[in-house]
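In what follows, a single structure is set out as structure tokens and then discussed.
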Amino acid sequence: MAVTDQLQQAQTDRKRSIIYPALNVFNREDMTARCQDETAPKVIYAVKADATFNSNTAIFLKDDIRTGKLNLLYDEYKGRETLCDIPKFFELKIEEQVRLIDPYIQTSLLVREMVELSYSNEKGLIKVFEKSGNRKDRYTALSYANYYANQLEI
6 MAVTDQLQQA
16 QTDRKRSIIY
26 PALNVFNRED
36 MTARCQDETA
46 PKVIYAVKAD
56 ATFNSNTAIF
66 LKDDIRTGKL
76 NLLYDEYKGR
86 ETLCDIPKFF
96 ELKIEEQVRL
106 IDPYIQTSLL
116 VREMVELSYS
126 NEKGLIKVFE
136 KSGNRKDRYT
146 ALSYANYYAN
156 QLEI
């Protein structure tokens with residue numbers, strides 16, 4: 006809830022002199038009521054990430070990738086190759102080239118992260134965990150987004 010509480014308040018980026026407005030939750034009244042700014046747009050999908058939820062996200066993600074319902078971008082090498090085949094790509098500023106290549110790099114990092122994950126089945130629930138020193142941030146973001154996409158289909 007700490008992250009949501011922060012997002013439900015205006016945030017100031019002093020370095021860039023930008024004020025980001027408060028955001029609110031749209032799917033859980035208990036969390037929506039915590040926002041002090043009544044004008045905050047309701048754009049946050051809040052979850053209670055307990056063992057059952059995490060198991061469901063893991064199952065949905067595995068099934069959706071396996072069945073081809075969810076396709077990832079090419080890896081960074083194939084992505085670079087594809088972009089380099091576009092003649093005007095090299096006419097772009099270096100910053101724009103990097104911006105276009107980055108999603109493929111992030112996909113490669115995601116796949117590497119997912120390959121390094123381990124899982125166990127505890128009392129019928131799938132538990133996904135990272136090896137010591139590794140991360141699962143990209144996996145978690147993808148699995149939660151995929152779970153939400155599945156909920157929209159229902």
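Numbering (our numbering), first residue to last: 6 to 159.
By construction, the Cβ of each residue, glycine as well, lies at the ideal position given by its N, Cα and C atoms.
- Taking a 10 Å sphere around the C-beta of Y144, we find 16 or more other C-beta atoms and assign the residue as buried.
- In the structure shown, the three-state DSSP call for Q14 is coil.
- T72 and F65 have their C-alpha atoms some 10 angstroms from each other.
- Contact annotation, L78 with Y109: C-beta distance approximately 6 angstroms; criterion of less than 8 angstroms satisfied.
- L130 and F58 have their alpha carbons spaced roughly 9 angstroms apart.
- Using a Cβ distance threshold of 8 angstroms, S148 and T62 count as a contacting pair.
- Counting along the chain, Y25 sits inside no alpha helix (DSSP H); it lies in the beta strand (DSSP E) bounded by residues 23-25.
- In the DSSP secondary-structure assignment, F134 is bridged to S123.
- Take the alpha-carbon of Q156 and the one of E43: they are about 27 angstroms apart.
- In the three-state reduction of the DSSP assignment, I49 falls in the strand class, which pools E and B.
- Burial state of I91 is exposed, judged by a 10 Å Cβ sphere holding fewer than 16 other Cβ atoms.
- For I64, the enclosing alpha helix (DSSP H) begins and ends at 56-71.
- C-alpha of A15 to C-alpha of R33: approximately 20 angstroms in a straight line.
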